[in-house]
Each structure stands twice: as C-alpha cells, then as structure tokens.
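Protein chains in written order, with our numbering: chain B, 1 to 232; chain F, 1 to 232.
Cβ coordinates follow ideal geometry from the N, Cα and C atoms, glycine included.
This one's a predicted model, so the numbers in the text were calculated from it and none came from an experiment.
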DNA sequence: ACCTGTGCTTGACTTTTATCAATCAGTCGA
DNA sequence: TCGACTGATTGATAAAAGTCAAGCACAGGT
C-alpha cells in the first residue's frame, strides 16, 4: 500500500495496539481509492469482501426495501465501516455511498479475519469498536421508538450544538432531506418540524440553525444521556 | 459457584473456546439467582456491575423515556445480555425485567473484563457475539424505519412461523401488548393490524395464529433476509 | 357458580405523519 | 444575464397511528 499515508489509520483505536507485523500484513493487501460523490460503494446483501476505512470525505449508510429508502448513519474520517459483516463473514446489512469526494482504504475481509485470529490485541480492539457501534444503534432505536419527530429533531439540534462546543448558531453539515431521512421523517415534515421548534427559540435560515432560547429548547427536548450522549 | 449446573453455560459459544482456567476464574465470583416474574433486574443508566446469563425463563429488555416505555428485545435461554455495557464498562442502555420465573447467572463485570484481557479466545468469542447483537439491532432498526406497522406485523408472523418449522398454526409466545411494544405500536393498533391481515389469510383466535394463505401473506409482507433472517 | 381483575377488543375521535402538487430560492453553466 | 435544475417550502388532503372510553372474555380465587 505505497500510496496511502497510513499514519492516521495506524492511530485508530482499532489498529493502535496491533502488532507491527500483523498490521503490515493487513495493509499489504489493501488499497486506497478516491471516489467522486454519490457513488454506491457497497450494496446490502453483497458478500463483505472488504473492510472500509474513510480517510477523507463522508459516507452515507442507508438501506432500501420495496422502493423505500432510509439513511441510517453517516461515517466521517477517520473511521471504519461494516466491521460486523467483515468479522462474521456475512453479507452487508447496509448500503454505502459517498456523500462527497472521498478517499477510502479497502482492506480485504479475509485478511482482517486472519489478523483477528492471530492478534489478540486486534481482537480486543474490535470488541471495543463493535460494542460502541452496537450501543450507538441501540440509542437511535430508542430515539425512534420513544420520541415524536419533533422531539427527535429538538434533540438532534442539541446534540449538534454540543458537537460545536455549545455554539448558539451553526450550520447543518448535510442536506436537509438526508437529515429528514436520518431522523425518520419526510423532507416536508422536517420543514414543518423546524417551524414547530420556533416557539422554543430555534430558528433556521437555509442551512444555519440559531438557538435563541437554550433553556426553553432543553425543557422541550428533555435530552437524556442514555439516548443522546454518544460518548457513553 | 457450587449450586449452578454450568454445563449449559460452558457450552455457550461465548465460553466454549475459553481456557479452563479462565473459565473457572470467571465462574468463581459468579452466583445464580432465581427471580419471580416481573422483577426489574437492571435499570438503564445504572453502572454495569454484572454480565447476566439467562439459564431458564425469559427476559424483557426495555427502555423508558419521559413516561413512555418500549420493549426492545426478549432474551431466552441460554444466552447472555448486556455484554456491550460490561465490556465498555459503561452504564446499561436498557432496563431488564423477568417475564416469568427465571434463573439468572450473575458474573461480575470486572471479572469478565479481566478474562477478556487475559484470554484471546474469549475476546474473539465476544466479538462474534457482539457482531451478532449489532446486526440484530440494525435489522430491527430497518424494520421500524422502512415498514408500516401492518408490514412489520406480517413479517413478524412469518418469522415466528419459520421458528416453528413452517407450521401453519402456532401460539404467540408472549402477551399481545408486549408484542405491540416490540413492534412499535399500541395494543389497540395491534388488534386492528391483526384484522388488517385477515385479507391475507391470517386469522387470530386469542393467542393462536393461523396462516391460511401462505402465498398471499408472503406477497404482502415481502420478507427480506437483510431484515428478517436472524441467522444471517 | 360467582365475583373480580386483567388484558384484549372495539368504536369514535384526535394527532401525527405522509403524500401530492405547486411554488420558491439558490446554484451553475451557457 | 438568463434559463434550467435541484432542493426546500407551503398548502391541501389523505393515511397511519395514537388516545380515550366503553365493553368483552377469560382466568383465578372465593
């Protein structure tokens, strides 16, 4: 893998404690590729031939069924996706597409499984990563089942704000229709939901969100670490 | 752990390949307890002091938020729950209660983490288990986001039928209101949904489901292995 | 056999969410 | 500068799901 600056990758929790030899082994069969926006990298149901690592850009994980489609998550650098399918040697459960121009490292799944069997530290790192992924999905599942769309949006706004160190104004980092899909609603409804947050001091201008009344928003949203705190 | 017949447990994929010594170590600090029905074993947000293993009975994993409550999964013997919280040493994300009289093994989380660090085979077994759990939640998430409640019910019926080796009639194995909660709807709506399946040859008498027109039901439900096949 | 409680069902109604159609706003390229 | 396109918004309407209240059915205890 001569053309990849793999220092970032080596630093990932997943690989950091891996033996040098195993890491070199793993990277030997890997390759890097640049993809334009809106390219479908993998399709659910396909066999999991590669573990993917996003070096730059961003990836939409989504799923289709009977003509419907929903976004499940966004992957940002530097992290991996479809680890579970790779480990279980099972088909991908989600499809993935680039949202923007993205640089992806492709690691053959067979090599990952071999490294997993050979290197205890790697196996342990995978556990931590998977446990994290698992807990994240459980949280979104709770979000979806326990809250109305307005509540989901309110809490989403608060989570974003936290990511921006509490700024009272910030820009959404993706299209509204994708946000709608992630939150489990239609674009039309997202528009209306934003209006529904006006009484709680949230205003929207294009892609820019402004929180004018933090207290009021929090009182409405009732954020809960067991759903909203992605670090826990 | 003198009072537990642990042969079942030793057979679990999670422990099968573990070194004898590590296993003995792990079980030394564990204990078994019998619980009556409807006992809340753990509450979300609490620190994860024990890994739980269901020896007999059944467990409801659920979550509460602002007075609302939803069931997320049912755990049946012999298997573990809350593995992810234990491994990450993070608070439980779900609450758990006994549905019936249940026999539970409690393994101190610290011991599990120690065994995990010491025994590579155990670490690998945990990976497989977690990957499985993760994929299961992703599937229910897709079910919830991509389907209407009628479609979810139809596919649920088909999944149950599969579990009973394709029998055309079988009994639901839990209360309808809990089924409603699992499927993300109200009990009233579940009643109506069952009626909605009548045109597709599904009839319900109390707890007994009869499938009279398999083809018609499948045509409506459009089951998909990437959502409904729990073995994949 | 008869209460009594619990869970299930039903009907009427409300709220929430989706759909369809039209319009608007901003971007990009000719 | 002007279309042409794409995504966002709005309004009207419909469908889906939830709520509330009443009635029913069955099981368990007396």
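In the DSSP assignment, residue 134 (chain F) falls within the alpha helix (DSSP H) that extends over 120-146. With a threshold of 16 other beta carbon atoms within 10 Å, residue 98 (chain B) meets it and is buried. Residue 155 (chain F) sits in a helix when the DSSP states are folded into three classes.
Taken in chain order, the complete beta strand (DSSP E) segments of 3 or more residues contained in the region 77-124 of chain F are 79-81, 95-98 and 102-108. In its chain, beyond the 5 residues on either side, 58 have a beta carbon closer than 6 angstroms to the beta carbon of residue 76 (chain F). Residue state for residue 173 (chain B) is assigned as coil, using DSSP reduced to three classes.
For residue 34 (chain B), there is no enclosing alpha helix (DSSP H); the enclosing beta strand (DSSP E) has its first and last residue at 31-35. For the options B:100, B:132, B:225 and B:69, the alpha carbon positioned closest to that of residue 81 (chain B) is the one of B:132. Within the region 129-150 of chain F, 130, 131, 132, 133, 134, 135, 137, 138, 139, 140, 141, 142, 144, 145, 146 and 147 place their CB atoms closer than 8 angstroms to a CB of chain B, listed in sequence order. Relative to the Cα of residue 181 (chain B), the nearest Cα in the group B:41, B:62, B:18 and B:56 belongs to B:62. Residue 39 (chain F) carries a coil assignment under DSSP once its states are collapsed to helix, strand and coil. DSSP places residue 197 (chain B) outside both helix and strand once states are collapsed to three, so it counts as coil.
Measuring C-alpha to C-alpha distances from residue 45 (chain F) to each of F:86, F:31 and F:92 identifies F:92 as the nearest. In this structure residue 103 (chain B) is not in contact with residue 30 (chain B), their Cβ atoms being roughly 13 angstroms apart against a cut-off of 8 angstroms. In the three-state reduction of the DSSP assignment, residue 60 (chain B) falls in the strand class. Residue 123 (chain F) is classed as buried because its beta carbon has at least 16 other beta carbons within 10 Å across all chains shown. Separation of residue 60 (chain B) and residue 32 (chain F) (C-alpha to C-alpha, rounded to the nearest whole angstrom) is 45 angstroms. Per DSSP, the continuous alpha helix (DSSP H) segment holding residue 215 (chain B) begins and ends at 214-221. Fewer than three pairs of CB atoms, one per stretch, sit closer than 8 angstroms, so the region 107-118 of chain B makes no contact with the region 35-45 of chain B. Counting only residues of its own chain and dropping the five nearest sequence neighbours on each side, residue 227 (chain F) has a CB closer than 6 angstroms to the CB of 139, 142 and 143.
Residue 66 (chain B) has its alpha-carbon roughly 12 angstroms from the corresponding atom of residue 219 (chain F). A contact between stretches requires three or more CB pairs, one per stretch, nearer than 8 angstroms, and the region 160-171 of chain F fails this requirement with the region 155-175 of chain B.
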